[in-house]
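Before any comments, here is the structure.
There are 2 protein chains.
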Amino acid sequence: MPKLPRSTRGWILNRRPAPTLSPDDVTLTDLALPELQDGQVLIRNTHMAVLPSMLGLMRADTLDQRLGVHGPHNPHSAYMPYTLGDPMTGPALGEVLASRDDTLQPGDTVRHMLGWREHATAPANTVEHIQPKGLPPALFLGALGLNGLTAYAGLLQEGGLRTGDVVFVSAAGGSVGSLAGQIARLKGAARVIGSAGTSGKCDRLKAELGFDTAINYTAGDLTKQLHQTAPDGIDVYFDNVGGDHLHAAIECMRPHGRIVLCGMLSQYLSGGEGGLPVNASAAIGKSLRLTGFQVFEHLEGVPGFAEEMPMWIANHQITCPQTAFDGIDRAHEAFQALFHGHTTGQTLVRI
Amino acid sequence: MPKLPRSTRGWILNRRPAPTLSPDDVTLTDLALPELQDGQVLIRNTHMAVLPSMLGLMRADTLDQRLGVHGPHNPHSAYMPYTLGDPMTGPALGEVLASRDDTLQPGDTVRHMLGWREHATAPANTVEHIQPKGLPPALFLGALGLNGLTAYAGLLQEGGLRTGDVVFVSAAGGSVGSLAGQIARLKGAARVIGSAGTSGKCDRLKAELGFDTAINYTAGDLTKQLHQTAPDGIDVYFDNVGGDHLHAAIECMRPHGRIVLCGMLSQYLSGGEGGLPVNASAAIGKSLRLTGFQVFEHLEGVPGFAEEMPMWIANHQITCPQTAFDGIDRAHEAFQALFHGHTTGQTLVRI
């Protein structure tokens, strides 16, 4: 048995971002790796995901925080804020270096939640053995992971996509949005509209990701642009942004339109306060439905997803753009890039 | 046959309120009553309803107006703005004075949409013959009319009320809210919470309308008050207000809570712009559902409503508070009172 590392490097949360992350809020530091116990595995991480929602975990945007009282939380929610002084967590892929559990062997590829560090020690029953079958392993943190399931179940189950629907996806160049648009097309949408923040991204949406039209939301009034590109209205809006995007979509929805509230990039950035200027009169007047979507609530979508998504990828029916950063020391940079529109598709760190 | 009137008095819209109604926006004026044609009836109005949503009709709060473009509208919506220079319309009750149609006779009580005037000439097939069967006729503009059906179908169909639910109703002293709270109780809600703008109204909610607790939203932070009274959260929120009420409710909803967007009193007053500060991250985190409700979309609720509501009223299981103004010349005053919290229950004008 090769000599196992006794320490590793990982990112610690020092201070809660207020509201956005500043360099002093996190530190890359040395972490001790305790001796392996029965039932545990030691993993060398090869990839970690960065996700916008991690800003909320850093900030601990909880009801308790805002109100100073205890409120009802969703027991199924994965929304457990990071603890100050502890290493941060998140989806990661790695290789088993040593195992004291019969179910996993050294060399196995595993998916787990101890990202933001180079090595991790974890109970074997909290990690998932991945068999890539010729697909790039990193996809298991993206299109074949929670991002992919979010796009799939959000659009098909929560959004109730029907053949012939006009679909609008915000942050369409993002990890979830880029997949949602392509799934909409594969499932018979009449028209797929995306939004992004640069004309270059908009070009990619059309050229590489099969969007019919792309709106550069920095280029003019979003509601007017959306109206011009969808004069007869939108049936399904897959919302990754909130704020002005949600407002514009509500204005342009068709009667009985369905809005999947999936991500709130605008609210993450604003600090979570103030929220969204939703035109509720229009929501009433058009009998709209808005539903908050969390992938953990839709595990009934897994069988369909597990059947269709790998097939679509293998058949090149879905393109999975990726923005990769190399080295654990660049994890902070990768995370920041998410909020500055510098990434396309799945953003990850190769460790 | 008695001599029929050749003219009547009615309210004309001169100018669109911006954003609230000022006295010069409307005028009570003489209107000619054309000679009765075949198939028509002449009605002497006895009661007319005033509704907050009429402010939107006066203002013509349409998408077209706001954007200067044509947008998708709900074909089922009753939302047809008033025309400048024409008499305004709205739910009314009256007595048939003369009929040139076989289906209606002088003396019949009818419900129709030509309110805001003392007499009306209408095609017989656009008015509804009402048989009060011992119930006060005015209820057919309130609990036994669209207000009642809105409360009933909004709560039971759109809100999916279940036995044991904790229910919150805003504008709980209003025409729809006062009924929604009582229906919730009759249908097995564990707890019914209402909000109103004065402590006197809050006392009435508890003493007369069966609410378990009542929140005076002018007496302190609404979210904190709602939390204190529903520490374990709310299952169904029946929203007649929007704005800060909707925000507070979202904060205090239980996971999978259901919000029926029914009225937007706050938005009517603000001029419809800006909309609501909705905390969409909480809506996602708790997998909430928000649906815009219009009664015209829920006529499937009519049979249950027609069976249960008259029975509840006859059995004194539902109380129908009323604020009445006397005389067509006070219609403007009655309408204004809606927005100043001076009314409880159904507000109407006895003509």
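First to last, the sequence lines map onto chains W and V.
First residue of the first sequence? That's 511 in my numbering, and the numbers climb one at a time after it.
First residue of the second sequence? That's 511 in my numbering, and the numbers climb one at a time after it.
The beta-carbon is built from N, C-alpha and C at its ideal position, and this holds for glycine as well.
Quick caveat: nothing in here was measured; it's all calculated off a predicted structure.
Exclusion of the five residues before and after V/G687 leaves A661, V679, S680, A681, G704, F748, N750 as the residues of its chain whose Cβ lies within less than 8 Å of its Cβ.
Residue contact with chain W for V/R701: absent (no Cβ-Cβ distance below 8 Å to any residue of chain W).
Selection V/L607, V/G625, V/T619 evaluated against V/Y592 yields V/G625 as nearest (Cα-Cα). Taken in chain order, the complete alpha helix (DSSP H) segments of 4 or more residues contained in the segment 634-705 of chain W are 656-663, 685-696. W/T599 is outside the set of residues whose beta carbon lies under 8 Å from a beta carbon in chain V. Beta-bridge partners of V/M763 (DSSP): V/I744. At a Cβ-Cβ threshold of 8 Å, W/D540 and W/R525 do not count as neighbours. The C-beta separation of W/L514 from W/L603 comes to about 19 Å, leaving the pair out of contact by the 8 Å criterion.
Counting only runs of 3+ residues, the beta strand (DSSP E) found wholly inside the segment 799-840 of chain W occupies 799-802, 832-836, in chain order. For W/S709, the uninterrupted alpha helix (DSSP H) run begins and ends at 709-718, by DSSP. Residue range 550-559 is occupied by the beta strand (DSSP E) that includes W/M558. Neighbours of W/G752 in chain V, taken as residues whose beta carbon is under 7 Å from its own, are A790 in chain order. Annotation for V/L546: L552, A608, R610, T631 place their beta carbon closer than 7 Å to its own, counting only its chain and skipping 5 residues before and after.
Of all alpha-carbon atoms in W/L756, W/T723, W/T801, the one lying nearest the alpha-carbon of W/P741 is that of W/T723. V/E817 has a beta carbon lying at 8 Å or more from every beta carbon in chain W.
Contact between V/P633 and V/Q550 holds, since their C-beta atoms are separated by about 6 Å, short of 8 Å. Contacts with chain W at 8 Å (Cβ-Cβ) include V/S797. Comparing alpha carbon positions, the residue from V/E605, V/H622, V/A700 closest to V/P616 is V/E605.
The DSSP-derived three-state label of V/T530 is coil.
Taking the Cα positions, W/G802 is about 21 Å away from W/G652.
V/M590 has a beta carbon lying at 8 Å or more from every beta carbon in chain W. Shown here, W/Q846 sits in a helix according to DSSP, grouped into three states. Residues of chain V whose Cβ lies closer than 9 Å to the Cβ of W/F678 do not exist, since the nearest Cβ in that chain is about 13 Å away.
Counted as a single uninterrupted DSSP element, the beta strand (DSSP E) harbouring W/S609 occupies residues 602-609. Distance between V/D731 and V/E843, taken at the CA atoms: about 31 Å.
The alpha-carbon separation between W/G814 and V/G710 amounts to approximately 56 Å. For V/E810, no Cβ of chain W is located within less than 8 Å of the residue's own Cβ.
Within the DSSP secondary-structure output, W/S797 pairs in no beta bridge. For V/G855, the beta-bridge partners assigned by DSSP are V/G684.
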